[in-house]
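Q:
Number of protein chains: 2
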Amino acid sequence: MKLAVDAVVFGYSKDLNILLVERKYEPFQGGVCLPGGFVLDNESLDDAVQRELREETGLKLNYLEQLYTFGSPERDSRERIVSVAYYGLVDRTKVKPMGGTDAEVAYWKTIEEVKSLNLLFDHQDILNKALERLRAKLTYAPIGFDLLPKEFLFSELEHLYVSILGRPIDRRNFRKKIMSFDLLEETGKKVSEGKGRPAMTYTFNKKRYKELERNGFVLQIF
Amino acid sequence: MKLAVDAVVFGYSKDLNILLVERKYEPFQGGVCLPGGFVLDNESLDDAVQRELREETGLKLNYLEQLYTFGSPERDSRERIVSVAYYGLVDRTKVKPMGGTDAEVAYWKTIEEVKSLNLLFDHQDILNKALERLRAKLTYAPIGFDLLPKEFLFSELEHLYVSILGRPIDRRNFRKKIMSFDLLEETGKKVSEGKGRPAMTYTFNKKRYKELERNGFVLQIF
DNA sequence: GCAAAAGTGTTTCGTATACACCCATGC
DNA sequence: GCATGGGTGTATACGAAACACTTTTGC
Chain A
1 MKLAVDAVVF GYSKDLNILL VERKYEPFQG GVCLPGGFVL DNESLDDAVQ
51 RELREETGLK LNYLEQLYTF GSPERDSRER IVSVAYYGLV DRTKVKPMGG
101 TDAEVAYWKT IEEVKSLNLL FDHQDILNKA LERLRAKLTY APIGFDLLPK
151 EFLFSELEHL YVSILGRPID RRNFRKKIMS FDLLEETGKK VSEGKGRPAM
201 TYTFNKKRYK ELERNGFVLQ IF
Chain B
223 MKLAVDAVVF GYSKDLNILL VERKYEPFQG GVCLPGGFVL DNESLDDAVQ
273 RELREETGLK LNYLEQLYTF GSPERDSRER IVSVAYYGLV DRTKVKPMGG
323 TDAEVAYWKT IEEVKSLNLL FDHQDILNKA LERLRAKLTY APIGFDLLPK
373 EFLFSELEHL YVSILGRPID RRNFRKKIMS FDLLEETGKK VSEGKGRPAM
423 TYTFNKKRYK ELERNGFVLQ IF
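In order, the protein sequences belong to chains A and B. Using the working numbering, read the first sequence as starting at 1 and increasing by one per residue. Using the working numbering, read the second sequence as starting at 223 and increasing by one per residue.
(1) How would you list, in chain order, the residues of chain B whose beta-carbon sits under 8 angstroms from the beta-carbon of proline 73 of chain A?
(2) Would you list, in chain order, the members of the region 95–116 of chain A that have their beta-carbon closer than 7 angstroms to a beta-carbon of chain B?
(3) Given this structure, state the Cα-to-Cα distance separating phenylalanine 374 of chain B from glutamate 408 of chain B, to the nearest angstrom.
(4) Within 10 angstroms of its Cβ, does phenylalanine 121 of chain A collect 16 or more other Cβ (buried), or is it exposed?
(5) Give a yes or no on whether the C-beta atoms belonging to proline 371 of chain B and threonine 315 of chain B are separated by under 7 angstroms.
(6) Can you pull out the residues from the region 119–133 of chain A whose beta carbon lies closer than 7 angstroms to at least one beta carbon of chain B?
(7) Which of the residues in the region 297–311 of chain B, read from start to end, lie with their CB under 7 angstroms from any CB of chain A?
(8) Is DSSP giving asparagine 173 of chain A helix, strand or coil here?
(9) With leucine 20 of chain A as the anchor, note down where its beta strand (DSSP E) starts and where it stops.
(10) Threonine 463 of chain B CB to nearest chain A CB: under 7 angstroms?
(11) What residue does the alpha helix (DSSP H) around leucine 127 of chain A start on, and which one ends it?
(12) Kindly say whether leucine 289 of chain B, judged by its beta-carbon, lies nearer than 7 angstroms to any beta-carbon of chain A.
(13) Taking leucine 286 of chain B and proline 364 of chain B to be in contact with their CB atoms under 8 angstroms, please state how far apart those CB atoms are, rounded to whole angstroms.
(14) Applying the criterion that 16 or more other CB atoms from any shown protein chain within 10 Å of the CB defines a buried residue, is phenylalanine 292 of chain B buried or exposed?
(15) Using a Cβ-Cβ cut-off of 8 angstroms (strictly less than) and excluding sequence neighbours within five positions of glycine 280 of chain B, which residues of its own chain qualify?
(16) Touch check for the region 322–340 of chain B and the region 227–242 of chain B: three-plus C-beta pairs under 8 angstroms?
(17) Tell me the DSSP secondary structure of glycine 310 of chain B in three-state form.
(18) Quick one: what's glutamine 66 of chain A bridged to in DSSP?
(19) Flag this pair as touching only if the region 346–353 of chain B and the region 301–314 of chain B have three or more C-beta atom pairs under 8 angstroms; answer yes or no.
(20) Are the region 71–80 of chain A and the region 255–271 of chain B in contact at 8 angstroms, needing three or more beta carbon pairs?
(21) Against leucine 3 of chain A, what residues of chain B qualify as contacts under a CB-to-CB distance less than 7 angstroms, listed in chain order?
(22) Determine the DSSP secondary structure at leucine 157 of chain A, reduced to helix, strand or coil.
(23) Would leucine 184 of chain A and tyrosine 202 of chain A be called neighbours here (beta carbons separated by less than 7 angstroms)?
(24) If we call anything under 7 angstroms between Cβ atoms a contact, is leucine 53 of chain A one with alanine 7 of chain A?
(25) Just checking my contact of threonine 323 of chain B with glutamate 277 of chain B at CB under 8 angstroms: how many whole Å lie between their CB atoms?
(26) Under DSSP, the alpha helix (DSSP H) around threonine 181 of chain B begins and ends at which residues?
(27) Going by C-alpha to C-alpha distance, which of A:Leu61, A:Glu79, A:Ile169 and A:Met179 sits closest to leucine 147 of chain A?
(28) Quickly, what does DSSP pair glutamate 211 of chain A with across the bridge? List them, please.
(29) With DSSP collapsed to three states, give me the class of methionine 223 of chain B.
(30) Can you tell me the Cβ-Cβ gap for arginine 135 of chain A and isoleucine 164 of chain A, rounded? I've got them flagged as a contact below 8 angstroms.
(31) Considering glutamate 335 of chain B, what are the terminal residues of the beta strand (DSSP E) in which it resides?
(32) Out of B:Arg419, B:Asp237, B:Tyr362 and B:Glu248, point me to the one whose CA is closest to phenylalanine 532 of chain B's CA.
(33) Going by other Cβ atoms of all chains shown within 10 Å of its Cβ, with 16 needed for buried, is aspartate 313 of chain B buried or exposed?
(34) Does the distance from the CB of leucine 89 of chain A to the CB of phenylalanine 154 of chain A come in under 7 angstroms?
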């Protein structure tokens, strides 16, 4: 019996993306799946995920959380492999275009695109579970900010929520709610994205959030 | 590297209890820990937990859910053992007084009692995580009923919430809230527990809840 | 008749929701 | 000057929270 880790890495640019790897050689040549690999003898599970991601894609996570452990005896046709799945969040504007390694190519896909790819093993199940968790957590934890650049537009935050939760949001009420937490700070800069009125950029005050959290505060959106 | 499962089994009678096992022989003779054991080659993780619990205590769970996987290289001093932790709920009125097996004795302890026991390995961490999850889930899922007899008093449900959440509850508002879901059914029986006015017993309509859940209903207490 | 637990309504307050117009810019 | 996205306030409705007395039984 072998122990592996797999990671669902979420990125956001206009829409939610997932990081996938494609195998260049056998076994499963051309197959697409989540990044992951076996756990080494003397490393923790968290370390194993970070190492695999570094090796395969070289990216830096803003957030990482254990998701669920998948252990059905039939999940890998070759031999019994139990996999501890994680999900992570990255700021895609910080990610360099990645080529992958000798054995794999890495790229981003939207949820919709993934559906038609038929991921190897039970990786679609893992992805579904990660999505469920991400959607739930978005409403009671400030993890959306880990998908955005340090300085972001309010509208980006709003679109992120709309696109991940998959339902419309009232702009005015959303702003009121978020602002009521007093966790966003204006940078003073205005950015013009080409069209329309230029918008203010904000940063999320994580330190203040952690402080509030310690005192029992629970951020609650919807 | 070995793979194990461990279970935090919660029971309720007047207060929240946890099922523990005490080892009769070496290694760790006299040590107290959570029930658990190694996963067999061809069984799923869920099956492994159920089997271990059956072997060690013979009890029947009303609810079982995977909790978290603990994989620090140092968590077991003998060798690398990764453990997938579960938590389960039982109706203690259905549990026979258990003797345990050849190698172990099983018994119930309250949270407070456990604290002074110094559980083996990282089992106190596992227990803390299970408690956290149980408390959270109690407010948005109908899992309290899995700790009670099929027919229960409303006051038992209320005391269960008070004792698990660890804070007072307004009796009237709590009843209003629970009753508004329309998921409890009167049995028509009144039970006198010795002192005070006899009370009605209720059953929880799980079928109806599942039905509502499918349609997007989310039970929300507090 | 008193101790003990069960059962029950109303008012108040805060927050979620619904909703539409003006503003600053690029072209 | 018009198209595009940014920014803002108010009224209503609903649900959470606060709060105390009566009822039924055992002793």
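Each residue gets a CB set at the ideal place from its N, CA and C atoms; glycine is no exception. Predicted, not measured: the structure shown is a model, and the values here were computed from it.
A: The short version:
(1) What you label residue 73 of chain A is simply residue 73 of the first sequence in a count that begins at 1. Per Cβ cutoff of 8 angstroms: Asp263, Asn264, Glu265 and Ser266.
(2) Residues passing the 7 angstroms Cβ filter: none.
(3) As a first step, residue 374 of chain B must be located in the second sequence, where it is residue number 152. As a first step, residue 408 of chain B must be located in the second sequence, where it is residue number 186. Going by the C-alpha atoms only, they are around 10 angstroms apart.
(4) Taking the first residue of the first sequence as 1, we reach residue 121 of chain A at position 121. The residue is buried, with at least 16 neighbouring Cβ atoms inside 10 Å.
(5) Position 149 of the second sequence holds residue 371 of chain B. Position 93 of the second sequence holds residue 315 of chain B. Contact: yes.
(6) none
(7) Along the region 297–311 of chain B, the positions whose C-beta sits under 7 angstroms from a C-beta of chain A are Arg302, Val304 and Val306, read in chain order.
(8) Your numbering for residue 173 of chain A matches position 173 in the first sequence. Here asparagine 173 of chain A sits in helix by DSSP.
(9) The residue labelled residue 20 of chain A in the question sits at position 20 within the first sequence. Note, leucine 20 of chain A: beta strand (DSSP E), 15–23.
(10) Within the shown structure, residues of chain B are numbered from 223 to 444, placing residue 463 of chain B beyond reach of any answer.
(11) For this step, residue 127 of chain A is matched to residue 127 along the first sequence. Taken as a continuous stretch (DSSP letters only), the alpha helix (DSSP H) holding leucine 127 of chain A covers 123–138.
(12) One-based indexing of the second sequence puts residue 289 of chain B at position 67. Taking 7 angstroms as the threshold, the shortest C-beta distance from leucine 289 of chain B to chain A does not fall below it.
(13) Indexing the second sequence from 1 puts residue 286 of chain B at position 64. Indexing the second sequence from 1 puts residue 364 of chain B at position 142. No, leucine 286 of chain B and proline 364 of chain B are not in contact; Cβ-Cβ is about 15 angstroms, not under 8 angstroms.
(14) Taking the second sequence and counting its residues from 1, one reaches residue 292 of chain B at position 70. Result: buried.
(15) Walking along the second sequence from the start, residue 280 of chain B turns up at place 58. Counting only Cβ-Cβ distances below 8 angstroms, and skipping sequence neighbours, we find Lys318 and Met320.
(16) yes
(17) Counting from 1 along the second sequence, the entry for residue 310 of chain B is found at position 88. Three-state DSSP puts glycine 310 of chain B in a strand.
(18) For the purposes of this step, residue 66 of chain A is identified with residue 66 of the first sequence, where counting begins at 1. BP columns for glutamine 66 of chain A point to A:Tyr86.
(19) In the pairwise beta carbon analysis, the region 346–353 of chain B is classified as touching the region 301–314 of chain B: at least three pairs are separated by under 8 angstroms.
(20) yes
(21) Position 3 of the first sequence, counted from the start, is the residue given in the question as residue 3 of chain A. Think of a sphere of 7 angstroms around the beta carbon of leucine 3 of chain A: the chain B residues whose beta carbon falls inside it are Met223, Leu225 and Val304, in chain order.
(22) Indexing the first sequence from 1 puts residue 157 of chain A at position 157. Three-state DSSP puts leucine 157 of chain A in a helix.
(23) To locate residue 184 of chain A, count along the first sequence from 1; it is residue 184. To locate residue 202 of chain A, count along the first sequence from 1; it is residue 202. In this structure, leucine 184 of chain A places its C-beta atom within 7 angstroms of the C-beta atom of tyrosine 202 of chain A.
(24) For this step, residue 53 of chain A is matched to residue 53 along the first sequence. For this step, residue 7 of chain A is matched to residue 7 along the first sequence. In contact: leucine 53 of chain A and alanine 7 of chain A (Cβ atoms closer than 7 angstroms).
(25) Working through the second sequence from its first residue, we reach residue 323 of chain B at position 101. Working through the second sequence from its first residue, we reach residue 277 of chain B at position 55. Contact between threonine 323 of chain B and glutamate 277 of chain B holds: CB atoms are separated by about 7 angstroms, below the 8 angstroms threshold.
(26) With chain B covering only 223 through 444, there is no way to say anything about residue 181 of chain B.
(27) To locate residue 147 of chain A, count along the first sequence from 1; it is residue 147. Comparing Cα-Cα distances from leucine 147 of chain A to each of A:Leu61, A:Glu79, A:Ile169 and A:Met179, the minimum goes to A:Leu61.
(28) Here residue 211 of chain A corresponds to residue number 211 of the first sequence, with the count starting at 1. According to DSSP, which records beta bridges pairwise, glutamate 211 of chain A is partnered with nothing at all.
(29) For the purposes of this step, residue 223 of chain B is taken as the residue at position 1 of the second sequence. Three-state DSSP puts methionine 223 of chain B in coil, outside helix and strand.
(30) If you number the first sequence from 1, residue 135 of chain A lands on position 135. If you number the first sequence from 1, residue 164 of chain A lands on position 164. The Cβ separation is near 6 angstroms, so the contact holds.
(31) Looking up residue 335 of chain B in the second sequence gives position 113. That residue, glutamate 335 of chain B, is in no beta strand (DSSP E); its alpha helix (DSSP H) goes 333–337.
(32) Residue 532 of chain B is absent from the model: chain B starts at 223 and stops at 444.
(33) As a working note, residue 313 of chain B is residue 91 in the second sequence. Classification for aspartate 313 of chain B: buried.
(34) Within the first sequence, numbered from 1, the residue matching residue 89 of chain A stands at position 89. Within the first sequence, numbered from 1, the residue matching residue 154 of chain A stands at position 154. No.
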